[in-house]
Amino acid sequence: MAGSALVALTALFFAHLADFALELNAKLVQQYPWFAWVALPLGLPLIAWLTRKFAPFTVGSGIPQVIASLSLPYGAQKTRLIRLGQTLLKIPLTFLGMLFGVSIGREGPSVQVGAAVMGAWGAWCKKHGLAFKGMQENDLMAAGAAGGLAAAFNAPLAGVIFAIEELGRGIMLRWERQILLGVLASGFIQVAIQGNNPYFSGFNGGVLEHIFLWVALSGLVCGAAGGLFGRLLYRGAAAFAPRKIRGFIRNRPLLLAALMGLLLALLGTFYQGKTYGTGYHEAAQALHGIYEAPFGLAAAKWLATVFSYWAGVPGGIFTPSLTIGAVLGEHIAAIADISQGANIIVLICMAAFLAGATQSPITSAVVVMEMTGGQSLLFWMLIACIFASQVSRQFSPRPFYHASGMRFRQRVLQETAAQTGNAPARPQTANSKTGMPSEN
Numbered sequence: 134m135a136g137s138a139l140v141a142l143t144a145l146f147f148a149h150l151a152d153f154a155l156e157l158n159a160k161l162v163q164q165y166p167w168f169a170w171v172a173l174p175l176g177l178p179l180i181a182w183l184t185r186k187f188a189p190f191t192v193g194s195g196i197p198q199v200i201a202s203l204s205l206p207y208g209a210q211k212t213r214l215i216r217l218g219q220t221l222l223k224i225p226l227t228f229l230g231m232l233f234g235v236s237i238g239r240e241g242p243s244v245q246v247g248a249a250v251m252g253a254w255g256a257w258c259k260k261h262g263l264a265f266k267g268m269q270e271n272d273l274m275a276a277g278a279a280g281g282l283a284a285a286f287n288a289p290l291a292g293v294i295f296a297i298e299e300l301g302r303g304i305m306l307r308w309e310r311q312i313l314l315g316v317l318a319s320g321f322i323q324v325a326i327q328g329n330n331p332y333f334s335g336f337n338g339g340v341l342e343h344i345f346l347w348v349a350l351s352g353l354v355c356g357a358a359g360g361l362f363g364r365l366l367y368r369g370a371a372a373f374a375p376r377k378i379r380g381f382i383r384n385r386p387l388l389l390a391a392l393m394g395l396l397l398a399l400l401g402t403f404y405q406g407k408t409y410g411t412g413y414h415e416a417a418q419a420l421h422g423i424y425e426a427p428f429g430l431a432a433a434k435w436l437a438t439v440f441s442y443w444a445g446v447p448g449g450i451f452t453p454s455l456t457i458g459a460v461l462g463e464h465i466a467a468i469a470d471i472s473q474g475a476n477i478i479v480l481i482c483m484a485a486f487l488a489g490a491t492q493s494p495i496t497s498a499v500v501v502m503e504m505t506g507g508q509s510l511l512f513w514m515l516i517a518c519i520f521a522s523q524v525s526r527q528f529s530p531r532p533f534y535h536a537s538g539m540r541f542r543q544r545v546l547q548e549t550a551a552q553t554g555n556a557p558a559r560p561q562t563a564n565s566k567t568g569m570p571s572e573n
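For the sequence shown, the numbering used here assigns the number 134 to the initial residue and increments by one for each residue that follows.
Below, the structure is given as structure tokens:
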């Protein structure tokens, strides 16, 4: 319980810090239109340099690092990706990214931080003979990671589903009572402190005629968009550049970060700041049926999140993905000239795009259900998410989080082999058609 409390309190602190950064960014962009053109091209290389120098394993979401850690063999390298001192730096680095206007979220980072906090707490307790004698490192990491998600979203049930569907995929975890209680405790402690308020409060589902057709269309569109999204995130910017300059791009990460900053500033200026940050307000207003998204905003937010990830800075994709889905749903409703029930399409697209991006349909549906209070539409969200996940696989055969996790795993194994003098494990090769790692 003490470990769960630490995870919940850390996630709560992170949430308040992130909210402050987003509010401050909005004020700065409004008062100083030139702010983004200075902060993003200069700030992104700074964050990328700090990350590479002091916390190289905090880059990106954080969920792939946890997945990789769970699959690593037991030993000194087991917690290499989630060491507490380095992982805690993800909090201020993500704060800086949000302050500058990068299209990132805090939920993925909360997962990595939660795993690090629970792992460190468990190691300390074992060292002093206090508790956790029967729990292995995998159990502690899974409980902390899922607890971090539950606390970040104020969604205890989603944390449990995430642990089972996402973290437990292809990995043997012992789902003992202590682990599930640890996940639930983190979420309920957050609820006790913050109140039982959905992340996106105020959703009131109405009536949508021919809902099955809209569910199918949402699943198709969001699945394709989510699959391409995951594919671009995984492959990186260099993969889409001319072959002659790919090496140049890969060897100059700070220059790439500056270029991504310029592109983010361009998108943000064109859409009056709506592509910066998580996009929470746009998604919330679309759910309430009071938002008319500018034409192409969904594509702009999609690109902004890809550019942010390519910049090589810490930050998650969960909340930006929900925003992309929400705006996609608003676009669909606007094109079809639907007034009554438009917010239902928005809700379904939020879940469907997240499922397309992560290929975790049950987690996506339950997360959105708890975040919005849309329990009455859970069945339709599940249908849309399952369909979107299958469509996504046609564009990105392996789930993004797990494909990225295997990269981190291979890197740790190679570094360990170099230190010990053993032959490194055979690296995964890329499939010539998909660009995704092939099975050995």
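Even for Gly, the Cβ is constructed at its ideal location relative to N, Cα and C.
Nothing here was measured: the structure is a model prediction, and the numbers come from that model.
Return the bridge partner residues of Pro-447 from the DSSP annotation. In the sequence shown, counting from the first residue as 1, residue 447 sits at position 314. In the DSSP output, where bridge partners are listed per residue, Pro-447 has Gly-193.
Rounding to the nearest angstrom, what Cα-Cα distance links Thr-212 and Gly-412 in this structure? Translated into positions along the sequence shown, residue 212 becomes position 79. Translated into positions along the sequence shown, residue 412 becomes position 279. Spanning the two alpha carbons is a distance of roughly 33 Å.
In chain order, what residues of the same chain lie with their CB nearer than 7 Å to the CB of Leu-313, ignoring the 5 residues before and after it? Working through the sequence shown from its first residue, we reach residue 313 at position 180. Within the same chain, Leu-313 has close Cβ partners Val-293.
Could you tell me which whole beta strand (DSSP E) segments of length 3 or greater appear in the region 306 to 386? none
Are three or more beta carbon pairs between the region 487 to 500 and the region 279 to 299 nearer than 8 Å? yes
Nearest residue (CA-CA) to Arg-540, options Ala-433, Val-439, Tyr-367: Numbered from 1 along the sequence shown, position 407 holds the residue referred to as residue 540. For the residues Ala-433, Val-439, Tyr-367, the minimum Cα distance to Arg-540 belongs to Tyr-367.
Own chain, CB closer than 8 Å to Gly-241, minus 5 neighbours either side, in chain order: Stepping through the sequence shown from its first residue, residue 241 is reached at position 108. Hits under 8 Å: Gly-193, Ser-194, Gly-195, Ile-196, Gly-448, Gly-449, Ile-450, Phe-451.
Per DSSP, what kind of secondary structure is Gly-238 in: helix, strand or coil? Here residue 238 corresponds to residue number 105 of the sequence shown, with the count starting at 1. If DSSP states are grouped into helix, strand and coil, Gly-238 belongs with the strands.
What's the C-alpha gap between Met-393 and Cys-258? The residue given as residue 393 occupies position 260 in the sequence shown. The residue given as residue 258 occupies position 125 in the sequence shown. In a straight line, the C-alpha of Met-393 is about 43 Å away from that of Cys-258.
Quick one: give me the first and last residue of the alpha helix (DSSP H) that Tyr-534 is part of. For this step, residue 534 is matched to residue 401 along the sequence shown. Unbroken alpha helix (DSSP H) run through Tyr-534: 533 to 553.
Proximity of Gly-429 and Cys-355 at Cβ, strictly below 9 Å: Sequence index remark: in the sequence shown, residue 429 carries index 296 (1-based). Sequence index remark: in the sequence shown, residue 355 carries index 222 (1-based). Their beta carbons are not under 9 Å apart, which means Gly-429 does not touch Cys-355 by this criterion.
Could you give the first and the last residue of the continuous alpha helix (DSSP H) run that contains Thr-184? As a working mapping, residue 184 is identified with position 51 in the sequence shown. Thr-184 -> alpha helix (DSSP H) spans 168 to 187.
Just the Cα atoms here: how many angstroms apart are Val-199 and Asp-470? Mapped onto the sequence shown, residue 199 falls at position 66. Mapped onto the sequence shown, residue 470 falls at position 337. Approximately 43 Å between the Cα atoms of the pair.
Straight-line Cα distance separating Gly-360 from Glu-572: Mapped onto the sequence shown, residue 572 falls at position 439. Mapped onto the sequence shown, residue 360 falls at position 227. Model confidence at Glu-572 stands at a pLDDT of 38, short of 50, so the residue's coordinates are unreliable; what they give is reported in the following sentence. The straight-line gap from Cα to Cα measures roughly 20 Å.
Please report the distance separating the alpha-carbon of Ala-490 from that of Gly-462. As a first step, residue 490 is located in the sequence shown; it is residue number 357 there, counting from the start. As a first step, residue 462 is located in the sequence shown; it is residue number 329 there, counting from the start. Whole-angstrom Cα-Cα distance: 16 Å.
For the alpha helix (DSSP H) containing Phe-110, list its first residue and its last residue. A query on residue 110 cannot be resolved here, the shown segment of the chain reaching from 134 to 573 and no further.
So Ala-632 packs on Pro-386, CB below 8 Å; how close in whole Å? Outside the shown range of the chain (134 to 573) lies residue 632, about which nothing can therefore be said.
If we ignore side chains and look at the alpha-carbon of each, how far apart do Leu-161 and Val-439 end up? Translated into the one-based positions of the sequence shown, residue 161 becomes position 28. Translated into the one-based positions of the sequence shown, residue 439 becomes position 306. Their backbone Cα atoms lie some 23 Å apart in a straight line.
Between the CA atoms of His-149 and Pro-166 - distance to the nearest angstrom: Taking the sequence shown and counting its residues from 1, the one referred to as residue 166 is at position 33. Taking the sequence shown and counting its residues from 1, the one referred to as residue 149 is at position 16. So the alpha carbons of these two residues sit roughly 25 Å apart.
Since Ser-236 and Tyr-404 are thought to touch, with beta carbons under 8 Å apart, how far apart are those beta carbons, to the nearest angstrom? To locate residue 236, count along the sequence shown from 1; it is residue 103. To locate residue 404, count along the sequence shown from 1; it is residue 271. Actually they are not in contact, since the Cβ atoms of Ser-236 and Tyr-404 sit about 11 Å apart, beyond 8 Å.
Pairwise C-alpha distance: Leu-273 and Gly-255: The sequence position of residue 255 within the sequence shown is 122, counting from 1. The sequence position of residue 273 within the sequence shown is 140, counting from 1. The alpha-carbon atoms of Gly-255 and Leu-273 are separated by roughly 7 Å.
Taking all protein chains shown into account, do 16 or more other C-beta atoms lie within 10 angstroms of the C-beta of Ile-326, making it buried, or fewer, making it exposed? For this step, residue 326 is matched to residue 193 along the sequence shown. By the neighbour-count rule (16 or more Cβ atoms within 10 Å), Ile-326 is not buried but exposed.
Whole-number beta carbon distance between Pro-225 and Ala-612, since they are thought to touch under 8 Å: The first residue shown for the chain is 134 and the last is 573, placing residue 612 beyond what the model contains.
For Gly-363 and Ser-529, which I take to be in contact (beta-carbon distance under 8 Å), what is that distance rounded to the nearest angstrom? Position 230 of the sequence shown, counted from the start, is the residue given in the question as residue 363. Position 396 of the sequence shown, counted from the start, is the residue given in the question as residue 529. About 4 Å separates the two Cβ atoms, so the contact holds.
Taking 9 Å as the cut-off, decide whether the C-beta atoms of Leu-480 and Leu-420 are in contact. Position 347 of the sequence shown, counted from the first residue, corresponds to residue 480. Position 287 of the sequence shown, counted from the first residue, corresponds to residue 420. Yes, these two residues count as a Cβ contact at 9 Å.
Helix, strand or coil for Gly-136? Go by DSSP, reduced to three states. On the sequence shown, position 3 is the one that residue 136 refers to. Correct three-state label for Gly-136: helix.
Could you say which of Ala-488, Val-460, Ser-493, Lys-434 lies nearest to Asn-476 if we only look at CA atoms? In the sequence shown, counting from the first residue as 1, residue 476 sits at position 343. Cα-wise, what sits closest to Asn-476 is Val-460.
Please classify His-464: is it buried, with 16 or more other beta-carbons within 10 angstroms of its beta-carbon, or exposed? Start at 1 with the first residue of the sequence shown, and residue 464 comes out as number 331. Buried, because 16 or more other Cβ atoms sit within 10 Å of the Cβ of His-464.
Under 9 Å between C-beta atoms of Gly-406 and Gln-164: Counted from its first residue, the sequence shown places residue 406 at position 273. Counted from its first residue, the sequence shown places residue 164 at position 31. No, these two residues do not count as a Cβ contact at 9 Å.
Does DSSP put Glu-415 in a helix, a strand or coil? Residue mapping note: residue 415 aligns to position 282 of the sequence shown, counting from 1. DSSP places Glu-415 in helix when its eight states are reduced to three.
Thinking C-beta only, is Ser-204 closer than 9 Å to Arg-544? In the sequence shown, counting from the first residue as 1, residue 544 sits at position 411. In the sequence shown, counting from the first residue as 1, residue 204 sits at position 71. Not closer than 9 Å, so no.
Reduced DSSP secondary structure (H/G/I, E/B, other) of Asn-287: Indexing the sequence shown from 1 puts residue 287 at position 154. Asn-287: coil per DSSP, three-state reduction.
Roughly how many whole angstroms lie between the Cα atoms of Gly-339 and Asn-329? The count along the sequence shown starts at 1 and reaches residue 339 at position 206. The count along the sequence shown starts at 1 and reaches residue 329 at position 196. Cα to Cα, the separation comes out at about 23 Å.
Output the distance between the C-alpha atoms of Leu-346 and Gln-219, rounded to the nearest integer angstrom. Stepping through the sequence shown from its first residue, residue 346 is reached at position 213. Stepping through the sequence shown from its first residue, residue 219 is reached at position 86. Using only the alpha carbons, I get a separation of about 48 Å.
Range covered by the alpha helix (DSSP H) that runs through Ser-522: Position 389 of the sequence shown, counting from 1, holds the residue named residue 522. 511 to 526 is the extent of the alpha helix (DSSP H) around Ser-522.
For Thr-491, report the span of its alpha helix (DSSP H) as first-last. As a position in the sequence shown, residue 491 is number 358, starting the count at 1. Element bounds for Thr-491: 475 to 491.
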